[in-house]
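Be aware that the sequence shown starts at 24, since it is given in my numbering, and climbs by one per residue. Here a beta-carbon is modelled for each residue, glycine too, at the ideal position from N, C-alpha and C. A quick note: this is a predicted structure, and the numbers were derived from the prediction, not measured. Input: a single structure, listed below in structure tokens.
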Amino acid sequence: MDLQKLIYLEAIYRLGSFTKASEELHVSQPAITKAVKSLEHFLEVDLIIRDSRSISFTDAGLALVRWAVRIMEDFAAAEREMAEFSESAGLHLNLGISNMVGGWLYSEVYSPFIRRYPNSTVVLKEYPWGEICQSIIDKELDMAYTTWEKGFSDPRLDLHYYLDSQLYAVLPPKHELRSRRQIPFSCLDGQTLSVFAKNSLINNIITQKCRELGIHPQMISVTNHFSNMLELVNTGAALGFVVMDKKSAPFNKRKYILRPLDEPVLLETGFITRHGAPMTKAMRLFAQYVQAQLA
24 MDLQKLIYLE AIYRLGSFTK ASEELHVSQP AITKAVKSLE HFLEVDLIIR DSRSISFTDA
84 GLALVRWAVR IMEDFAAAER EMAEFSESAG LHLNLGISNM VGGWLYSEVY SPFIRRYPNS
144 TVVLKEYPWG EICQSIIDKE LDMAYTTWEK GFSDPRLDLH YYLDSQLYAV LPPKHELRSR
204 RQIPFSCLDG QTLSVFAKNS LINNIITQKC RELGIHPQMI SVTNHFSNML ELVNTGAALG
264 FVVMDKKSAP FNKRKYILRP LDEPVLLETG FITRHGAPMT KAMRLFAQYV QAQLA
């Protein structure tokens, strides 16, 4: 029993005719008839009942058609997966990057990746947290390197944890809270806070925590740009926030003071993908480059 004979059988069933199967497959009708008879002889069962006007499938024939469909689907899937392993295959990746944690990918991963695969296309898009998640769900992004609260889950997303991270407050050197080793959330009451745009992770975390504690800081949420947040801190206009992990760039200690929050806001950093979506070759290779830099 070979695959080609199963392809003939499935076409006869789907089209309801030896003639139509012959035309679709560009094979002579006698060749298809001979293949089916050979299959029946091999299996020692009747698959198709023929008369002068119509054909009908026996129970055995119907069962074999169901197997044929499954085998053809698996065969096609195997071909697609093997194509992913081919070095000559073109790579394309739509990658989302959080502006809080993904900046290092540009120099340490993107450049060597493009040198290794010069025919590849990697489109990097910086988004805040809410837009990253929705873009993954809507299939606008293949995957994204970002951060999320420890314990977060969403049935529409798969999380691929790489690093522990934590939320820190960023203060100007002469800020009134500079002497504290940790900053309680209650001390943020009445403070001016730069918390990025409303769909950012930091905005969501700080807003929710303040609501729970009944405190009322003044929120500045007009930007998604990290440099703008630091400028607000540098001028003393606001207290800012930053996600810190082992890949975070060092801060200028003369210009800024970093303090963890009390209670600590624990985060995780890594890739997110659409739930159940298979990893393409481009996704796997890019993730391997990231892992190599984190090792």
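Top-ranked residue by Cα proximity to residue i, from the options
| i | options | result |
| --- | --- | --- |
| Gln316 | Arg93, Ile94 and Phe136 | Phe136 |
| Glu235 | Ser209, Leu114 and Glu199 | Ser209 |
| Thr115 | Met166, Leu128 and Val68 | A small fix is needed here, since residue 115 is His in this sequence, not Thr. For the residues Met166, Leu128 and Val68, the minimum Cα distance to His115 belongs to Met166. |
| Lys5 | Val132, Ser134, Thr258 and Leu186 | Nothing about residue 5 can be read from this structure; the chain reaches only from 24 to 318. |
| Val50 | Leu62, Ala100, Lys28 and Gly39 | Lys28 |
| Gln157 | Met302, Glu102 and Arg297 | Arg297 |
| Glu63 | Val88, Glu46 and Ala44 | Val88 |
Pairwise C-alpha distance: residue j and residue i
| i | j | result |
| --- | --- | --- |
| Met105 | Ser77 | 41 Å |
| Arg37 | Phe175 | 46 Å |
| Lys197 | Glu291 | 31 Å |
| Leu284 | Ala192 | 7 Å |
| Ala5 | Met306 | The structure shown does not extend to residue 5, since the chain is modelled only from 24 through 318, so no value can be given for it. |
| Ile280 | Phe98 | 59 Å |
| Tyr150 | Ser79 | 57 Å |
| Val145 | Leu118 | 7 Å |
| Ala318 | Ile160 | 29 Å |
| Pro141 | Ala86 | 48 Å |
| Trp152 | Thr170 | 8 Å |
| Trp127 | Ala310 | 14 Å |
| Ser111 | Tyr133 | Confidence at Ser111 is low in this model, with a pLDDT of 43, below 50, so its placement is unreliable and the value that follows should be read with caution. Cα to Cα, the separation comes out at about 19 Å. |
| Arg93 | Ile71 | 20 Å |
| Phe219 | Pro195 | 18 Å |
| Gln241 | Arg139 | 48 Å |
| Ser188 | Leu224 | 13 Å |
| Asn325 | Glu96 | The structure shown does not extend to residue 325, since the chain is modelled only from 24 through 318, so no value can be given for it. |
| Ile35 | Glu46 | 11 Å |
Which residues DSSP lists as bridging residue i, in chain order
| i | result |
| --- | --- |
| Ile78 | Arg73 |
| Val193 | Gly263 and Leu281 |
| Gln241 | Thr215 |
| Asp187 | Glu291 |
| Asp181 | Thr296 |
| Lys148 | Gly119 |
Cβ neighbour criterion (16 or more within 10 Å) applied to residue i
| i | result |
| --- | --- |
| Tyr184 | exposed |
| Glu154 | buried |
| Gly259 | exposed |
| Phe41 | buried |
| Pro207 | exposed |
| Leu66 | exposed |
| Gln314 | exposed |
| Leu32 | buried |
| Ala100 | exposed |
| Leu190 | buried |
| Asn226 | buried |
| Leu26 | exposed |
| Lys278 | exposed |
Residue range of the alpha helix (DSSP H) that includes residue i
| i | result |
| --- | --- |
| Ile295 | Ile295 -> not in any alpha helix (DSSP H); beta strand (DSSP E) instead, spanning Leu289 to Arg297. |
| Gly153 | Trp152 to Ile160 |
| Arg204 | It is not in any alpha helix (DSSP H) - Arg204 carries neither H nor E in the DSSP assignment. |
| Val265 | Segment Gly263 to Met267 is the beta strand (DSSP E) holding Val265; no alpha helix (DSSP H) there. |
| Leu308 | Lys304 to Leu317 |
| Thr56 | Gln52 to Leu66 |
| Glu47 | Phe41 to Leu48 |
| Glu235 | Leu224 to Leu236 |
| Arg37 | Leu26 to Leu38 |
| Phe175 | Where Phe175 is concerned, there is no enclosing alpha helix (DSSP H), given that its DSSP letter is neither H nor E. |
| Pro135 | Ser134 to Arg139 |
| Val256 | Phe249 to Asn257 |
Span of the beta strand (DSSP E), counted from its first residue to its last, around residue i
| i | result |
| --- | --- |
| Asn117 | His115 to Ser121 |
| Ala167 | Met166 to Glu172 |
Contact with chain B by residue i, beta-carbon distance below 8 Å
| i | result |
| --- | --- |
| Pro178 | Absence of chain B from the displayed structure is noted, only one protein chain being present. |
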